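Sequences listed follow chains A and B, in order. All the letters of the first sequence, read from the start, carry residue numbers 50 to 279 under our numbering. All the letters of the second sequence, read from the start, carry residue numbers 198 to 569 under our numbering. Heads up, the beta-carbon is just placed ideally off N, CA and C, and yes, glycines get one too. All values derive from a computational prediction rather than experimental measurement.
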Amino acid sequence: MASLSPAELQALTLSLEVAGLSVFCSLPIALGLSWILTRRRFPGRRVLDAVVHLPLVLPPVAVGYLLLVLFGSQGPIGSVLAHTFGIRLVFTRAGAALATAVMSLPLMIRAMRISLESVDPGLEDAARTLGAKPLDRFLTITLPLMLPGILAGLVTAFAAGLGEFGAVITFVSNIPGETRTLPLALYTALQTPDGNAAAARLAVLSMGLGILGLLLSDYLSKSIARFLGR
Amino acid sequence: MLAINVQKALGAFRLNAGFSMRKPGVVALFGPSGCGKSTLIQILAGLASPDSGYVQLNGEFLFDAGKGLAVPAEARGIGCVFQESRLFPHFSVRGNLEYGAKRSSRRACIAFDDVVALLELSHLLNRRPNSLSGGEKQRVAIGRALLCQPRLLLLDEPLASLDHERRGEVLPYLETLRDRLAIPMVYVSHQFDEVLRLATEVVLMRDGAITAHGDLTQLSLGAELHAMIGADLVGAVVNGELLNTDPQTGLSRIRLGSGELAVQTTGIPSGRIVRVQLLARDIIVATQAPAHLSVRNSVEGIIRMISPEQPGSDLVTIDIGCGESVLARITSEATRELQLHLGMRVWALLKAVSVRGHSFAAPMPPERFTSV
Chain A
50 MASLSPAELQ ALTLSLEVAG LSVFCSLPIA LGLSWILTRR RFPGRRVLDA
100 VVHLPLVLPP VAVGYLLLVL FGSQGPIGSV LAHTFGIRLV FTRAGAALAT
150 AVMSLPLMIR AMRISLESVD PGLEDAARTL GAKPLDRFLT ITLPLMLPGI
200 LAGLVTAFAA GLGEFGAVIT FVSNIPGETR TLPLALYTAL QTPDGNAAAA
250 RLAVLSMGLG ILGLLLSDYL SKSIARFLGR
Chain B
198 MLAINVQKAL GAFRLNAGFS MRKPGVVALF GPSGCGKSTL IQILAGLASP
248 DSGYVQLNGE FLFDAGKGLA VPAEARGIGC VFQESRLFPH FSVRGNLEYG
298 AKRSSRRACI AFDDVVALLE LSHLLNRRPN SLSGGEKQRV AIGRALLCQP
348 RLLLLDEPLA SLDHERRGEV LPYLETLRDR LAIPMVYVSH QFDEVLRLAT
398 EVVLMRDGAI TAHGDLTQLS LGAELHAMIG ADLVGAVVNG ELLNTDPQTG
448 LSRIRLGSGE LAVQTTGIPS GRIVRVQLLA RDIIVATQAP AHLSVRNSVE
498 GIIRMISPEQ PGSDLVTIDI GCGESVLARI TSEATRELQL HLGMRVWALL
548 KAVSVRGHSF AAPMPPERFT SV
């Protein structure tokens, strides 16, 4: 197997960067949403739940299109971002990260909710009677006990983010060096004559990344289980 | 010291309960499951809010519906021990013990080393909660609650999740806490033997309401308690000073009323107050001073009450002097044949081997530990 071409290497680092940025930005949002959806009862909770899970059931291209409508330079959010903060999302890697984050948010929230539901609220009550205020309780009791779910959510979202295709290509197009991530590069290679070898290399690369991620998550979940005294 | 009067509706269930505690000791909240004991404890701790009423501790209102005041649980300074130990699995025993201590702003009256010594935790400090036995877990939970320097300690059926043997392991530690710390405790239980060993005052609860409040000696003669504990456990509870123990037989003599009683005890020094329950079914009534019997205990007294109990049996209350009474269950036939009547002089007979005395109170004031 030949070594990677500079363009393929670029796609790889771009993919890691986009998936990393997406996971980094969606982590606090997913934590907050999963806490609200699990521990709070308020009117509209079901609607919020449905909206958060929408990307799981919508075609990714439709999500990309919706992002284009909202965050495009003429869109209601996009124009504000461009004029007030000078931030442009369309055709940029930041935009690719946004599309990836929206697509992987439900995966992250699902994993976190499962682990939050397994944290006994009685432990939080015990911490209360021992004098711990809400943020203190969350940081010292709830968050550490949620770690397995947070980790699972991170790994799943990162792996899914590496492979996000439809939403990315619709929202930020396929620009080499800026938005052409691994799956987009793979797709491009398949569209070019004699791109078969490149496509194979990229496919194997994607597979290798996936396996590495799974092994890492297995190792981390074991050490976290030890930390949690299970 | 502690005064509470609260109302709360939970679906069809209504809690309407009030009691007060004037001196340090152990108030046992006793009643059948589902009578509202745990809800009352949650309200005291600040983990549940009543619909109306107030909670007052040492003159300070912790909850007052009229003023819209509700001090949050984390600021109440009330320690809690729950039925499930609720230890934090990701902390060591030491970490659990220190969790409350680090967050307490009150003056440290109870030192870490003293708690570790009192509850014998030193060999467990570096272990994780999941490697402890049920009894050890509850000892750590008790220590953790004590180290937050509580003004009041709530124990919500702390032994209910333990088997008989483990319960026997933890009970002596609770007796030590009662005798050596000056922290008032509210102890929730539906096991009468725990109440018998620990309570200095008893509050009886039924269907969300308090039906009686007083000391166990007096409540043990009344029908409210009898209805809760069942016929087999009916019997007068008496307190008496331990005079001496025969090292050979293990029988101790305790002062009871105007006479003495021989009971079994283990390791209780002379001079301590011992509490004994004399089960009504174990007591024999004689109308003459007994002779030529193997029975070790014979106490003279006067019949104060004869109340029909189950069909065919009567419960006889015998005043044995100095404000103490015993209960005897006899058949109605015996009542007739012996012509028992109010004011009659009788002898209550009891085998020494059928009673066990429990250390109830130290005659001396608490030594090393003082609090609030």
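Please classify residue i: does DSSP put it in a helix, a strand, or coil?
| i | result |
| --- | --- |
| Ser417(B) | coil |
| Pro242(A) | coil |
| Ser358(B) | coil |
| Ala111(A) | helix |
| Leu212(B) | strand |
| Lys182(A) | coil |
| Cys184(B) | Residue 184(B) is absent from the model: chain B starts at 198 and stops at 569. |
| Phe214(A) | coil |
| Phe309(B) | helix |
| Val385(B) | strand |
| His555(B) | strand |
| Leu316(B) | coil |
| Thr484(B) | coil |
| Ala549(B) | helix |
| Lys220(B) | coil |
| Pro155(A) | helix |
| Met541(B) | coil |
| His410(B) | strand |
| Gly250(B) | strand |
| Asn293(B) | helix |
| Met256(A) | helix |
| Thr462(B) | coil |
| Phe227(B) | strand |
| Thr528(B) | strand |
| Arg565(B) | Reliability fails at Arg565(B), whose pLDDT of 38 lies under 50, so the model's placement of it is uncertain and the value that follows must be treated cautiously. Residue state, collapsed to three classes: coil. |
| Thr514(B) | strand |
CA-CA distance, residue i and residue j?
| i | j | result |
| --- | --- | --- |
| Val482(B) | Arg501(B) | 13 Å |
| Ile470(B) | Leu269(A) | 58 Å |
| Ala238(A) | Pro104(A) | 27 Å |
| Gly228(B) | Lys234(B) | 7 Å |
| Asn255(B) | Pro221(B) | 11 Å |
| Glu582(B) | Leu172(A) | Here chain B has residues from 198 to 569 only, and residue 582(B) is not among them. |
| Phe91(A) | Thr397(B) | 45 Å |
| Arg348(B) | Gly456(B) | 40 Å |
| Gln388(B) | Leu76(A) | 49 Å |
| Asn202(B) | Glu257(B) | 14 Å |
| Leu374(B) | Ile339(B) | 10 Å |
| Ser266(A) | Val110(A) | 29 Å |
| Leu86(A) | Pro286(B) | 25 Å |
| Leu401(B) | Thr408(B) | 6 Å |
| Ser249(B) | Leu226(B) | 21 Å |
| Glu564(B) | Arg377(B) | Only weak support is given to the placement of Glu564(B): the predicted model assigns it a pLDDT of 38, under 50, and the value that follows is read from those uncertain coordinates. Going by the C-alpha atoms only, they are around 7 Å apart. |
| Gln253(B) | Met198(B) | 8 Å |
| Met157(A) | Ala79(A) | 6 Å |
| Gly144(A) | Thr205(A) | 20 Å |
Please classify residue i: is it buried, with 16 or more other beta-carbons within 10 angstroms of its beta-carbon, or exposed?
| i | result |
| --- | --- |
| Thr228(A) | buried |
| Val513(B) | buried |
| Thr567(B) | Because the pLDDT of Thr567(B) is 38, which lies under 50, any placement of that residue in the model is unreliable, and the number read from its coordinates should be weighed accordingly. Classification of Thr567(B): exposed, given that the 10 Å Cβ count is below 16. |
| Ala570(B) | Absent from the model: residue 570(B). The displayed extent of chain B is 198 to 569, so no value can be given. |
| Ala176(A) | buried |
| Cys277(B) | buried |
| Glu391(B) | buried |
| Ser556(B) | buried |
| Ser491(B) | exposed |
| Ser164(A) | buried |
| Gln240(A) | exposed |
- Message: Could you check whether the stretch 536 to 553 of chain B touches the stretch 459 to 476 of chain B, counting it as contact only if at least three pairs of C-beta atoms, one from each stretch, sit closer than 8 Å?
- Response: yes
- Listed in chain order, which residues of the stretch 378 to 392 of chain B have Cβ atoms closer than 8 Å to some Cβ of chain A? none
- Near-chain B residues of the stretch 162 to 177 of chain A (beta-carbon distance less than 9 Å), N- to C-terminal order: Asp169, Gly171, Leu172, Asp174, Ala175, Ala176, Arg177
- Message: Under 9 Å, CB to CB, which of the residues in the stretch 180 to 195 of chain A have a partner in chain B?
- Response: Gly180, Ala181, Lys182, Pro183, Asp185, Arg186, Thr189, Ile190, Pro193, Leu194
- Residues of the stretch 285 to 318 of chain B with Cβ closer than 7 Å to any Cβ of chain A, in chain order: Phe285, Pro286, His287, Tyr296, Gly297, Arg300, Ser301
- Closer than 7 Å, Cβ to any Cβ of chain A: which residues of the stretch 253 to 273 of chain B, in chain order? Ala270, Glu271
- At a Cβ cut of 9 Å, what residues of the stretch 258 to 277 of chain A count as close to chain B, listed as they run along the chain? Phe276, Leu277
- Query: Does the stretch 134 to 154 of chain A touch the stretch 207 to 216 of chain A, meaning 3 or more C-beta pairs lie closer than 8 Å?
  - Reply: yes
- Are at least three pairs of beta-carbons, each pair with one atom in the stretch 343 to 359 of chain B and one in the stretch 280 to 299 of chain B, less than 8 Å apart? yes
- Spell out a yes or no on whether the stretch 242 to 253 of chain A and the stretch 154 to 170 of chain A are touching, meaning 3 or more CB-CB pairs, one atom from each, closer than 8 Å. no
- Item | the stretch 353 to 369 of chain B: positions lying closer than 7 Å to chain A by Cβ | none
- Message: So if I threshold CB-CB distances at 8 Å, which residues from the stretch 236 to 254 of chain B count as touching chain A?
- Response: Ala242, Gly243, Leu244
- Query: Do three or more CB pairs link the stretch 353 to 370 of chain B to the stretch 205 to 212 of chain B at distances below 8 Å?
  - Reply: no
- Task: Would you check if there are 3 or more beta carbon pairs closer than 8 Å linking the stretch 433 to 444 of chain B to the stretch 533 to 550 of chain B?
- Result: no
- Task: Evaluate the contact criterion for the stretch 443 to 456 of chain B versus the stretch 510 to 530 of chain B: three or more CB pairs, one atom per stretch, below 8 Å.
- Result: yes
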